[in-house]
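Residue numbers (our numbering), protein chains in the order written: chain R, 28 to 786; chain P, 115 to 398; chain S, 559 to 716.
From the three backbone atoms N, C-alpha and C, an ideal C-beta is built for every residue, glycine too.
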Amino acid sequence: MQERVKKPQFDVVGTRPVRPDGVDKVTGRAKYGADLKMAGQLVGKVLRSPHPHARIKSIDVSKALALPGVKAVVTSKDFPEQPSEFIPAGEGVVNYRDMTNNVMAREKVLYEGHAVAAVAALNEKAALAALDAIKVEYEVLPHVIDEMEAIKPGAPILHEDMITTGVTPPPTKASNISKRVEFNLGDVDKGFAEADLIVEREFKTKAVHQGYIEPHACLASASEDGSAELWVTTQGHWVVRAYCAKLLDWDISKIRVTSSEIGGGFGGKTVVYLEPLALALSKKAQRPVKMVMSREEVFKASGPTSGGTVKVKIGVKKDGTITAGEAEITLQAGAFQGSPVQPACMCAFANYDLENVKVVGYDVVSNRPKVAAYRAPGGPISTYGVESLVDEIAEKLGMCPIELRLKNAAKEGTRAAYGPKFGPVGLIECLEAAKDSDHWKAPLGPNQGRGLAAGFWFNIGGETTVSLQLNEDGTLTLMAGTPDIGGLRASLCMMAAEELKVDVSKIRPIIADTSSLGYNFLTGGSRSTFSSGMATVDAARSIVKQACGRAAKLWDIPEEAVTFEDGMIRPAGENAGKHKPMSLSDIAKVAGKTGGAIVGYAAISAQGAAPSFGVHIADTEVDPGTGKVTVTRYTAIQDAGKAIHPSYVEGQYQGGAVQGIGWALNEEYIYGEDGKLQNAGFLDYRVPVASDLPMIDTIIVEVPNPRHPYGVRGIGETPIVPPMAAIGAAVRRASGVRFFELPMSPPKVLKAMKAAGKA
Amino acid sequence: MRYEKPTTVEAATALLAAQGARVLAGGTDLLVQMRSRVLSPDILVDIKGIEATRKVTKDASGYTIGATVTGAELKEHPTLSKDWPGLVEAANLIGSTQVQGRCSLGGNLCNGSPAADSVPAMIAAGAVATIAGPKGTRTLPVEDIMLAPRKLALTPGEFIVSFKIPARPAHGGDAYLRFIPRTEMDIAVVGCGVALALDAGGTCTAARVALGAVAARPLLVEDAGKALVGTKIDDAALAKLEAAARAACKPIDDKRGTVEFRIDVAGTLAKRTAKIALERARKV
Amino acid sequence: MAKHHVTTTVNGDPVEYLCESEQTLLDCLRDELDLIGAKEGCSSGDCGACSVLIDGRLVCSCLVLGVEAEGKKVETIEGMAQGEELHPLQRKFLEHAALQCGICTPGVLVAAKALLAKNPDPTETQVRYWLAGNLCRCTGYDKIVRAVMDAAAEMRGA
């Protein structure tokens, strides 16, 4: 394995200091999206469609405007027309026509909960009265919810101009399939011909929500000169700024966005819902407007992730060598195109070093909220299918599930079906760690079973800016721009402390607003520790370089003759002369006299993001009297490259695993025949609670990423990828029944067990 | 909306006689429904100011439990958990620890959900409600209070002041189990309360079995109780109990469970609950 | 409709506020008293982010009316630290990294404080069941449970 990491021994990296923003969070002082108040603020509320599909014939807001206390009303008339074009943004593309339509319906409402109008009033009572006073005339249209129903001929069409792309020749009629994608490697027909055993299955998953405990919230304050401030809970405030500027047709420079602390995002807070509305209302009312979603609105009108249908076919030789892998993945996009079908296809077979792969994906719209990213978007769904099938193959071949995977594991040099060749990766190390773990060897009791699955996420880098200021007393202030969802600030300070050889407590971080720092792409794609970390290291090294330059000036020697060692600036050798070494603190004191403030600044597009592989082991117990599945033991093993702050790496492994457990067992969007969501609350949208779970053990594997100064790999998304298949495999062994549909809720499990004679 | 907190029963019944008046006890159902605009009362009558609704008293004939006593308070009562553990456990399965800090037997029943957790246990225990109204006070067994979802056998102005629970018989035991998909926080998909008494020789002399969430109202399943009486509650008796429980179900398909599942689990749960009640009866 | 004038005690201080009948205690804490530590996650008593203590009893403040706080003793997250000194639970949460986004943290801390006041030596199972009404989407609860048990041990002097 290449060892290109400069410092194999770290002083700060790898330790567990208390996070710098921690005290505010345990005392209730930290301010989240709904926690800011401005003098004169109004309450903003959204009128939402009660119909899953309807044409808007008219909207009459006159009575609402006439009500006492109502200061502004907006409808789609207040948002300019946007052309339909696909603009790259981070891991995907955005279409501004779809975005403005989603934020405020134009000709049609396309899901129950679709925003139709918004009001700003003196208080909540007045705002709700205003909503009641708005008259909307709808022409109700037939609706379609399920993706497989939406592609059937005769299904209600959502967009009259939707012609499927990626199909040759292109269709002549509109449909609900926005695109077809395909990834190919080698020749799957040849591969299947070489197989001794071919297994084929169809898997179904349901839409699940990111489930962040903090609803969407923002406070917009527009000024008479056409500028505005926005306080918002978000994963990316520069992105919010860009989206709002586009949707409102304002100059980007006119909007200053501050990211509040964020109460969970998981991808769901990378888009805008309330923000353009709040800005538009504030501009009309010339007063601050605060908008907060209710939990019901979060479920009905903010993107869950797709449910879908995954058909998988794998061919394998008797000795376990996989000869071919094929999959067809159909994912729900919600009301507008843009399911994560492309990354789902990319991840499907990424765990394996295969010659012959074919993955086809379909993005299908239907009358449900537009999906948003959810932690490794698409990955958990396709991996659920492939890993479940691999488990079935292991069983059929009589092979250990770990050995079967070791035999085919992706490694350095493997070419993924979606194009790139992997550098050093840690799947094999994770599989070996699983094999050696106490968990894998532990005995099982009655009605219990153990399952294992692997997962992958490719991770991204991207535009990132960091400013690191050397204060006059030698302490430092770090300004980053990727909102801190789960411990980022701690890791950034640690990396700066590592570079500068100062105590980590001497560095205080903030997340800057959009007017204070250069562009930052959002926190997502598992990129913030990787990218902001890389920029932080660059900024720290810049400070060192500048400090050496100042010392050179003071000592009147060339810059090349000055070095930074053990936290001190020294002459590089005897020839440089005898000069008393200076600390950064010493240099800081004379910064003004030697040329001005010393600021390390890095504006990069971080390259070299490397994938993170993980392997999860799950034990379940199934009650044959009720079909209830209990997770009795769980271990998440994953390659972090280098764990900057191990506690926060463990936290990502544990949190993602539990989201996956919820996805596997109880979480799902339940629709009635009327196209309305039946479980838009935490009572019946069942996320795991503390008593549902055991401790989530973790093993951090470290196969350094050679393209990051410390070897860091993004790790936040991979943990949600393996759990569903791991739990499915465990349930198979505990209950005797293999499931091909999620969630594995008790009525389904009991019914299947009874049918199989196991209960 | 008006909020009133009368300190006497008479003042409360007078307020409640008006249209659009609702009782506020713990508020753990009412406030949720008000927030989602399912209910918009004109007057909220907070009955927690009426002492009779707040106390738990014990005498030779049993317990009188005020209608607004919280689940948490029931649990902390020095003797109630020992005498009627099933009832106390049922009340403490409602919602979460936070909800149990406010919820009450009165509210849980009068919210009118067939899936209410405390109700099958109350029915099994033979609880009787003391109801105050404009025309005076009357009593009604708990199994007769709920007629259909959100429909109670109470007339305008009436509210439940307290519940009478009989003294636990010698060699008596009760239990409550429910099926939910998670371990906490869910509305019961099936709930079962069993209270039984044995004679000195271990033969069952009395049994009451109640099921929740399997019909339009919580059910007292007389056949299920009869299946146990006169037996030593052996496997044969339990099998009869299971069948009787299943036969009594008239459930619906909803987002929490299917008809098939509820019927199946009702029987399984009835057996498991009866076993716990039996164990407890044998210990005293 | 005239507002209610409520006199109550919050974190040991005498406090007064005006509120409508329908305002919840959560609304009053956040909007009338600017105590934003209790959070609104669901308004239906299902997430526990609004947890406070009333007369020592753990409740969801979104399920209590503002007017019901009259004459009671309310304790919120803001009253948990004593001056600069953090409560052992707060310290242990930081040590164990028992929070990621932190939105559930005030509710969990208040709930855990109530648990340890009642049961100073809880088992892991008891901790999990007591906290079942506090949803956390980030941590998977593991480090939260460890922090609570460690704080309990310290508070017992173990």
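Cβ of R:Gly263 within 7 Å of Cβ of R:Thr297? Yes, these two residues count as a Cβ contact at 7 Å.
P:Ala353 classed as buried or exposed, judged by whether at least 16 other C-beta atoms fall within 10 angstroms: The residue is exposed, with fewer than 16 neighbouring Cβ atoms inside 10 Å.
Quick test of your reading: S:Cys608 and S:Ala596, contact by CB under 8 Å. State the CB separation rounded to the nearest angstrom. Rounded, the Cβ-Cβ distance is 5 Å, consistent with contact.
Is the CB of P:Val303 under 7 Å away from at least one CB in chain S? No, because no Cβ of chain S sits closer than 7 Å to the Cβ of P:Val303.
How big is the Cα-Cα spacing for P:Ala341 and P:Arg292? Here the C-alpha atom of P:Ala341 lies approximately 21 Å from the C-alpha atom of P:Arg292.
Tell me which same chain residues have a C-beta within less than 7 Å of the C-beta of R:Lys309, skipping the five on either side of it? Correcting the residue identity first, residue 309 of chain R is Ser in this sequence and not Lys. Around R:Ser309, the same chain offers Ala247, Ser248, Ala249, Ala255, Pro315 and Val316 as residues with beta carbons nearer than 7 Å, after the five sequence neighbours per side are excluded.
Can you list, in chain order, the residues of its chain whose CB lies under 8 Å from that of P:Ala174, leaving out five sequence neighbours each side? So the list reads Ala281, once near-sequence residues are dropped.
Within 10 angstroms of the Cβ of P:Asn225, are there 16 or more other Cβ atoms? Answer buried if so, exposed if not. So P:Asn225 counts as buried.
I'd like the ranges of any beta strand (DSSP E) spanning at least 3 consecutive residues and lying wholly in the segment 104–181 of chain R. List check, beta strand (DSSP E) in window: 113–116, 119–122, 142–148 and 162–167.
What does S:Glu636 reach in chain P if we use C-beta pairs closer than 9 Å? Within 9 Å of the CB of S:Glu636, no CB atom of chain P is found; the nearest one sits about 18 Å away.
Suppose you measure from the CA of R:Ala782 to the CA of P:Ile377; what does that come to, to the nearest Å? Approximately 16 Å, taken between the alpha carbons.
Pick from R:Asp540, R:Val136 and R:Ala523: whose alpha carbon is nearest that of R:Ser532? Among R:Asp540, R:Val136 and R:Ala523, the Cα nearest to that of R:Ser532 is on R:Ala523.
According to the Cβ coordinates, are S:Cys659 and R:Gly291 closer than 7 Å? Yes, Cβ-Cβ distance for S:Cys659 and R:Gly291 is below 7 Å.
In angstroms with no decimal places, state the Cα-to-Cα distance between R:Val716 and S:Arg695. In this structure, the alpha-carbon of R:Val716 lies about 9 Å from that of S:Arg695.
For the 8 Å Cβ check, are there 3 or more pairs between the segment 458–478 of chain R and the segment 612–629 of chain R? No contact exists between the segment 458–478 of chain R and the segment 612–629 of chain R.
So which of R:His643, R:Thr659 and R:Ile644 has the shortest CA-CA distance to R:Asp650? Looking at the Cα atoms, R:Thr659 is the closest of the given residues.
Distance CB(R:Glu601)-CB(R:Ala667) smaller than 7 Å: Note that the C-beta distance between R:Glu601 and R:Ala667 is not below 7 Å.
Paired residues, beta bridge with R:Tyr680 - DSSP: BP columns for R:Tyr680 are empty, so no partner.
P:Thr253 vs P:Ser276 beta-carbon contact at 7 Å: Their beta carbons are not under 7 Å apart, which means P:Thr253 does not touch P:Ser276 by this criterion.
Name, in chain order, the residues that DSSP records as bridge partners for R:Ser639. R:Trp484.
Checking 7 Å against the spacing of the C-beta atoms, do R:Ala272 and R:Asn378 come in under that value? No, Cβ-Cβ distance for R:Ala272 and R:Asn378 is not below 7 Å.
If you scan the segment 475–528 of chain R from start to end, which runs of the beta strand (DSSP E) of 3 or more residues do you find wholly inside it? Fully enclosed beta strand (DSSP E) runs of 3 or longer: 475–484, 489–497 and 503–507.
With a Cβ-Cβ cutoff of 7 Å, do P:Gly215 and S:Leu616 count as a contact? In contact: P:Gly215 and S:Leu616 (Cβ atoms closer than 7 Å).
For R:Thr199, does the count of other Cβ atoms within 10 angstroms reach 16, so buried, or fall short, so exposed? The residue is exposed, with fewer than 16 neighbouring Cβ atoms inside 10 Å.
Interface positions of the segment 682–696 of chain S facing chain P (Cβ-Cβ less than 7 Å), listed along the chain: Of all residues in the segment 682–696 of chain S, Tyr687, Trp688, Ala690 and Gly691 have a Cβ within less than 7 Å of some Cβ in chain P.
Taking the alpha carbon of R:Pro510 as the point to measure from, which residue in R:Pro303, R:Val266, R:Ala753 and R:Gln313 has its own alpha carbon closest? Checked all of R:Pro303, R:Val266, R:Ala753 and R:Gln313; the closest Cα to R:Pro510 is R:Val266.
Output needed for R:Thr491: all residues of its chain with C-beta closer than 6 Å, excluding positions within five of it in sequence on either side, in chain order. Within the same chain, Cβ atoms closer than 6 Å to the Cβ of R:Thr491 are found at Asn547, Ser558, Ser559, Ala562, Ile631 and Ala633, the five residues on either side in sequence being excluded.
Would the segment 402–413 of chain R and the segment 692–712 of chain R be scored as touching if the rule is three or more Cβ pairs under 8 Å? No, because fewer than three Cβ pairs between the segment 402–413 of chain R and the segment 692–712 of chain R fall closer than 8 Å, the two stretches do not touch.
The beta strand (DSSP E) spanning S:Pro572 covers which residue range? Per DSSP, S:Pro572 belongs to the beta strand (DSSP E) from Asp571 to Cys577.
Run the proximity test for S:Ala675: is its beta-carbon closer than 6 Å to any non-hydrogen atom belonging to the ligand GTP? Of the ligands one can find in the structure shown there are none, so the ligand GTP has no counterpart to examine.
Using a cut-off of 9 Å between C-beta atoms, extract the partners of R:Gly623 located in chain S. Simply none; closest approach about 37 Å.
Which residues, taken in chain order from the segment 275–305 of chain P, show a beta carbon closer than 9 Å to some beta carbon of chain S? Cβ contacts with chain S come from Arg296, Thr297, Glu298 and Met299.
Starting from R:Lys72, follow its DSSP beta bridges and name the residues at the other end. Answer by DSSP bridge pairing, in chain order: R:Val146.
Going by C-alpha distance, which of S:Lys701, S:Cys662, S:Gly603 and S:Val568 is nearest S:Gly629? Nearest C-alpha to S:Gly629: S:Val568.
If the cut is a Cβ gap below 7 Å, which residues of chain R does P:Lys169 touch? For P:Lys169, there are no C-beta contacts with chain R under 7 Å, since the nearest C-beta of that chain is about 31 Å from it.
What are the uninterrupted segments assigned as alpha helix (DSSP H) that are 4 or more residues long and contained completely in the segment 322–346 of chain P, given in chain order? The segment 322–346 of chain P contains these whole alpha helix (DSSP H) runs: 336–342.
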